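Under UniProt numbering, the sequence shown has 35 at position 35, and the numbering climbs by one with no breaks. For each residue, glycine too, the CB sits at the ideal point set by N, CA and C. Because the structure is a prediction, the values reported are computed rather than measured. Data block below; observations after.
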Amino acid sequence: MPWIVRSAARIRKINKSSSSPVQICSRISKERIKTRKITIGNKTFEALIDTGSSVTLIREDVSKGIIEQSKFSGDIVVLSGLGKYEVKTKGSFQREIELDGEKYSVTWHVVPTPYLEFQAVIGSDILEQAFVGFDRKGVYFRKHEDKVWFMHTQIYEARIEDEIEVKHVTNPRIRKELSELINNYIPKKTETTNVSMRIILKDDVPVYLTSTPFVISENQAVNKQIDEWLDQGIVRQSSSEYASPIVLVKKNDGTARLCVDYRKLNRKLVKDRFPLPLIEDVLDKLQDAKVYSTLDLKNGFFHVEVNEDCKHFTSFVVPDGQFEFNKVPFGLSTSPSVFQRYVYSIFRELMRKGIVIIYMDDLIIPAKDEDEGIEKLKKVFEVASKYGLEIKFKKCQFLRRKVECLGHVFENGTVRPSVAKTIAVKKFPVPTTVKQVQSFLGLTGYFRKFIPAYSKIAKPLSDLIRSDNPFVFEQPQIEAFEKLKKLLTESPVLSIFQQGKTTELHTDESQQGYGAVLLQEAEDGKLHPVQYMSKKTTPAEEKYSSYELEVLAVVNALRKFRTYLMGNHFKIITDCSAFQRTMDKKDLVTRIARWALLLEEFDYEIVHRSGQRMQHVDALSRYPVAIITSDTLTARLKRAQQEDEYTQSLRSMIGSNNDSDFFDKNEILYKYVDGHELIVVPREMQTEIIKLAHEKGHFSAAKTEGVVKQEFFIPNLSKQVQNVIVNCVP
């Protein structure tokens with residue numbers, strides 16, 4: 001006879017108009033009862049997994065170890081199915097739980113102790129967040145994003161191609177194995193390491209700062225975050241003599257994230273320098289591979305424990321109390337190096353065997369072919385799962401013949417610098433005014449000491465800025481412009497980054513955009529550029545104040561050059577004298593506060609330099625690289641490519657011809673030409689693209705062709721440009 005679990009399959013709130021509920025029971029044979037250990041804060045209890053119950057329940061005596069009854073919500077519901085009579089709950093409360101490495105927010109309805117046999121019941125309401133599966137080992141959970149669906153006890157694999165790019169894997173067996181490997185990945189965290197965060201200060205004088213008052217809605221957001229962290233064991237109550245203030249940072253979705261402002265404490269911290277491998281050594285290890293996979297880890301600071309003797313240093317104050325971190329927090333300058341040490345300790349054995357190569361939080365799996373690649377991935381996933389590492393699958397690449405990472409492109413056993421290193425210079429727009437020529441010469445002139453006969457090469461451009469000369473930008477000027485761009489993007493001007501060398505980051509901003517140059521001392525004792533950056537400001541950013549734009553320029557440069565700068569001391573050179581004062585302010589506006597916390601990850605010093613000495617970056621900020629392409633235009637090109645026979649015939653060459661210069665990126669076909677990644681324009685849009693380039697200033701044929709070549713590949717371009725210009729009516 002089946003053992004009966006009476007579950008709350010129907011609920012109703014108490015009110016006068018509610019009708020009598022229908023009594024429903026789940027009948028589960030004793031052998032099929034599935035339970036799980038659940039932990040909330042310091043309380044661990046046994047919960048029945050019963051998807052026949054429409055709500056999640058907890059026995060009153062169990063709840064007393066978690067929350068006071070006075071803090072229950074006022075919602076009382078009536079349950080049917082727990083016995084002969086309807087049962088009123090005592091109230092409910094929200095708490096987060098962790099199941100199979102994922103966190104779920106759950107509403108717990110408190111049931112009077114005599115009416116519930118189990119300590120708790122996990123009901124079907126969790127199905128909104130997770131899939132529940134049963135096997136011989138018991139019950140397991142998987143969040144919806146993992147793309148596995150459970151229906152009528154059958155497991156159906158969703159198309160991971162919709163989430164992750166795997167269409168390039170042509171072998172059906174390998175593709176199936178890859179799909180299963182990704183879909184079945186669960187971070188279980190059954191093992192840990194001996195790595196923990198130790199905090200060493202330069203003196204014994206406590207840091208104690210309180211936060212500025214919050215409005216009521218902000219207090220609610222703070223309390224919610226603290227409750228979640230307490231439930232997860234991330235923080236605990238504190239009586240430390242140290243305390244840092246908190247800031248609420250708005251996320252892209254409009255919600256607020258609580259961060260601790262450790263800037264003052266960071267000044268006292270003894271740096272924890274984790275020795276990174278030389279980039280050259282990493283490149284050597286990747287050079288002979290033909291297939292590559294890259295993994296991107298989610299921010300895993302909370303995986304790592306703070307040493308018990310150091311937790312009081314992490315203390316922070318909120319309106320309702322004082323707390324300290326059990327796990328490594330974001331905002332401490334030593335947190336990234338601790339996490340790197342943690343990841344290295346996890347994969348040490350696989351690194352020794354050459355299965356995975358790690359640089360900071362980039363995991364690269366090189367292989368000679370797809371078979372070896374899938375076997376290596378299995379080993380990496382197995383280890384990652386055991387240690388509970390979460391993976392950003394959308395940012396991963398699997399079994400690719402060409403990948404870009406560490407500022408380089410790896411393809412078929414070869415390595416070359418990434419186009420991203422020099423794109424800001426290569427795509428510098430063709431000057432149309434004297435002022436733009438002056439700006440370009442400001443960029444190139446800064447590096448004239450590395451360019452033999454610079455004055456002679458630049459003369460056609462230099463002559464244009466003389467007041468007695470008309471502005472004529474024809475063939476001599478175009479040749480000088482293109483030659484200087486080429487010289488700036490190759491040796492001996494452009495240098496390869498080396499650990500331990502003197503490093504400087506030069507930044508500048510304008511309402512139009514922001515630019516940066518990463519420079520490093522080379523063997524000749526002079527600073528050479530390593531990489532350039534240029535970016536347009538968004539419509540929202542155009543409204544920022546000048547000092548906000550300057551901070552934004554620095555922050556985006558740090559994000560761009562993070563691979564090089566993390567773990568190295570460097571100087572930030574800026575012409576904004578207010579930058580350092582802004583970073584030292586106790587109370588910052590929310591936007592600046594968010595950026596200031598990001599800067600805390602890096603080891604830098606600020607140096608102010610006049611604008612006259614910063615013309616090389618001024619040019620990149622005032623003439624950013626976005627020329628023709630926009631999100632809308634790119635989307636149209638993508639659709640047109642899919643319908644264009646010519647484009648599809650070129651795409652078919654990719655798999656069969658390893659020497660092909662054509663490649664797919666984000667489902668758009670590109671051609672690699674002289675270091676440029678150019679979008680292949682389908683026939684129906686070729687005339688439109690040429691017109692867009694020409695109408696930017698009704699350029700000559702040569703100049704129009706040059707503008708198109710900065711971003712697009714069109715066969716027989718010269719002839720098509722002539723046809724467009726002949727029919728152009730200014």
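For Q322, which option in R341, N223, P682 has the closest C-alpha, if you only look at C-alpha atoms?
Along the sequence shown, one-based indexing puts residue 322 at 322. Measuring from the Cα of Q322, the nearest candidate turns out to be N223.
Can you tell which of I97, E98, K71, A130 has its C-alpha closest to the C-alpha of V110?
Looking up residue 110 in the sequence shown gives position 110. Nearest C-alpha to V110: K71.
To the nearest angstrom, report how far apart I160 and V380 are at their CA atoms.
Here the question's residue 160 lines up with position 160 in the sequence shown. Here the question's residue 380 lines up with position 380 in the sequence shown. With a pLDDT of only 40 at I160, under the threshold of 50, the placement of this residue in the model should not be trusted, and no figure is reported.
Straight-line gap, T502 to R95 (C-alpha atoms, nearest Å):
Taking the sequence shown and counting its residues from 1, the one referred to as residue 502 is at position 502. Taking the sequence shown and counting its residues from 1, the one referred to as residue 95 is at position 95. Their Cα atoms are separated by approximately 50 Å.
Three or more C-beta pairs closer than 8 Å, one from the region 404-412 and one from the region 452-459: is that the case here?
With the rule of 3 Cβ pairs closer than 8 Å, the region 404-412 does not count as touching the region 452-459.
Return helix, strand or coil for A130, following the three-state DSSP convention.
Locating residue 130 in the sequence shown gives position 130, counting from the first residue. A130: strand per DSSP, three-state reduction.
In whole angstroms, what separates the C-alpha of N723 from that of L637?
Indexing the sequence shown from 1 puts residue 723 at position 723. Indexing the sequence shown from 1 puts residue 637 at position 637. The straight-line gap separating the alpha-carbon atoms of N723 and L637 is approximately 22 Å.
With the cut-off set at 9 Å, would you say L79 and A120 are in Cβ contact?
Counted from its first residue, the sequence shown places residue 79 at position 79. Counted from its first residue, the sequence shown places residue 120 at position 120. In this structure, A120 does not lie closer than 9 Å to L79 by Cβ.
Can you name, in chain order, every residue of its own chain whose Cβ lies under 6 Å from the Cβ of I174, other than the five neighbours on each side?
Translated into the one-based positions of the sequence shown, residue 174 becomes position 174. Within the same chain, Cβ atoms closer than 6 Å to the Cβ of I174 are found at E370, I374, the five residues on either side in sequence being excluded.
Kindly provide the ranges of any beta strand (DSSP E) runs that are 3 or more residues long and lie completely inside the region 283-348, ordered along the chain.
You should have 291-296, 316-318, 321-325.
What is the rounded straight-line gap between the Cα of P715 and the Cα of G445?
If you number the sequence shown from 1, residue 715 lands on position 715. If you number the sequence shown from 1, residue 445 lands on position 445. Answer to the nearest angstrom: the Cα atoms are 35 Å apart.
What did DSSP end up calling H168 once you bin it into helix, strand or coil?
For the purposes of this step, residue 168 is identified with residue 168 of the sequence shown, where counting begins at 1. Looking at H168 - three-state DSSP - the assignment turns out to be coil, as it is neither helix nor strand.
Look at the alpha carbon of A289 and the alpha carbon of P366, and state the distance between them as a whole number of angstroms.
Taking the sequence shown and counting its residues from 1, the one referred to as residue 289 is at position 289. Taking the sequence shown and counting its residues from 1, the one referred to as residue 366 is at position 366. One alpha carbon belongs to A289, the other to P366, and they sit about 6 Å apart.
Starting from the C-beta of P641, find all residues in its chain whose C-beta is less than 6 Å away, skip the five residues before and the five after it, and write them out in chain order.
In the sequence shown, residue 641 corresponds to position 641, counting from 1. The question names Pro, but residue 641 is Gln in the sequence shown. T647, L669, P682, listed in sequence order.
Alpha-carbon spacing of K435 relative to F428, whole angstroms
Locating residue 435 in the sequence shown gives position 435, counting from the first residue. Locating residue 428 in the sequence shown gives position 428, counting from the first residue. Looking at the backbone, the Cα of K435 and that of F428 are separated by about 14 Å.
Helix, strand or coil, according to DSSP, for L484 in the structure here?
Locating residue 484 in the sequence shown gives position 484, where the first residue counts as 1. Secondary structure of L484 (DSSP, three-state): helix.
Tell me, which residues are paired with C405 by DSSP?
Within the sequence shown, the letter at position 405 stands for residue 405. According to DSSP, C405 bridges with H408.
Backbone CA spacing between R466 and S337 [nearest angstrom]
In the sequence shown, counting from the first residue as 1, residue 466 sits at position 466. In the sequence shown, counting from the first residue as 1, residue 337 sits at position 337. Whole-angstrom Cα-Cα distance: 53 Å.
Give the straight-line distance between the Cα atoms of F118 and I234, rounded to the nearest whole angstrom.
By 1-based counting over the sequence shown, the position of residue 118 is 118. By 1-based counting over the sequence shown, the position of residue 234 is 234. Each residue's alpha carbon lies about 28 Å from the other.
Cα-Cα separation between E31 and K88, rounded to whole angstroms
As a first step, residue 31 must be located in the sequence shown, where it is residue number 31. As a first step, residue 88 must be located in the sequence shown, where it is residue number 88. Note that E31 scores a pLDDT of 46, beneath 50, so its modelled location is shaky; the value from the coordinates is reported in the next line. In this structure, the alpha-carbon of E31 lies about 30 Å from that of K88.
Looking only at C-alpha atoms, which of I346, Y544, F662 sits nearest to D361?
As a position in the sequence shown, residue 361 is number 361, starting the count at 1. Selected option, being the one with the closest Cα: I346.
Take K395 and list the residues in its own chain whose beta-carbon comes closer than 6 Å to its own, dropping the five residues that flank it on each side.
For this step, residue 395 is matched to residue 395 along the sequence shown. Excluding sequence neighbours, K395 sits near D296.
Can you tell me which of the three DSSP states D508 falls into?
The residue labelled residue 508 in the question sits at position 508 within the sequence shown. Under the three-state reduction of DSSP output, D508 falls in the strand class.
One question on the structure: do I122 and L48 come within less than 9 Å of each other, judged by their Cβ atoms?
Numbered from 1 along the sequence shown, position 122 holds the residue referred to as residue 122. Numbered from 1 along the sequence shown, position 48 holds the residue referred to as residue 48. Cβ distance < 9 Å, so I122 and L48 count as in contact.
Chain-order list of residues whose beta-carbon lies under 8 Å from that of Q720 (same chain, five-residue window excluded)
If you number the sequence shown from 1, residue 720 lands on position 720. The residues are Q686, T687, I690, I714.
In its own chain, which residues sit with a C-beta less than 7 Å from the C-beta of G388, not counting the 5 before and 5 after it?
The residue given as residue 388 occupies position 388 in the sequence shown. Shown here for G388: same chain residues with a beta carbon closer than 7 Å to its own, the five before and five after excluded, namely G101, P187, K188, K189, H303 in chain order.
The region 515-528 touching the region 477-488, judged by at least three CB pairs closer than 8 Å
Result no; under three Cβ-Cβ pairs closer than 8 Å.
Using the Cβ count rule (16 or more neighbours within 10 Å means buried), how would you classify R273?
For the purposes of this step, residue 273 is identified with residue 273 of the sequence shown, where counting begins at 1. Classification of R273: exposed, given that the 10 Å Cβ count is below 16.
Cβ of I199 within 9 Å of Cβ of V306?
Counting from one through the sequence shown, the residue named residue 199 turns up at place 199. Counting from one through the sequence shown, the residue named residue 306 turns up at place 306. Yes.
In angstroms, rounded to a whole number, what distance separates the CA positions of E46 and I66?
Locating residue 46 in the sequence shown gives position 46, where the first residue counts as 1. Locating residue 66 in the sequence shown gives position 66, where the first residue counts as 1. One C-alpha to the other measures close to 14 Å.
Do you know offhand how far K426's Cα is from D664's?
Here residue 426 refers to the residue found at position 426 when the sequence shown is read from its first residue. Here residue 664 refers to the residue found at position 664 when the sequence shown is read from its first residue. About 21 Å.
CA-to-CA distance, H506 to E542, given in whole angstroms
Taking the sequence shown and counting its residues from 1, one reaches residue 542 at position 542. Taking the sequence shown and counting its residues from 1, one reaches residue 506 at position 506. Their backbone Cα atoms lie some 21 Å apart in a straight line.
Rounding to the nearest angstrom, what Cα-Cα distance links T538 and L599 in this structure?
For the purposes of this step, residue 538 is taken as residue 538 along the sequence shown, with counting starting at 1. For the purposes of this step, residue 599 is taken as residue 599 along the sequence shown, with counting starting at 1. The straight-line gap from Cα to Cα measures roughly 22 Å.
Beta-carbon spacing of F570, Y604 below 9 Å
Along the sequence shown, read from residue 1 onward, the residue named residue 570 stands at position 570. Along the sequence shown, read from residue 1 onward, the residue named residue 604 stands at position 604. The criterion of a C-beta distance shorter than 9 Å is satisfied by F570 and Y604.
With F471 and I279 assumed to form a contact (beta carbons below 8 Å), what rounded beta-carbon distance in angstroms separates them?
What you label residue 471 is simply residue 471 of the sequence shown in a count that begins at 1. What you label residue 279 is simply residue 279 of the sequence shown in a count that begins at 1. By a beta-carbon distance limit of 8 Å, F471 does not contact I279. Their separation comes to about 44 Å.
Let me confirm a value: H608 is counted as buried when at least 16 other C-beta atoms fall within 10 Å, else exposed. Which label applies?
The residue you call residue 608 lines up with position 608 of the sequence shown. Classification for H608: exposed.
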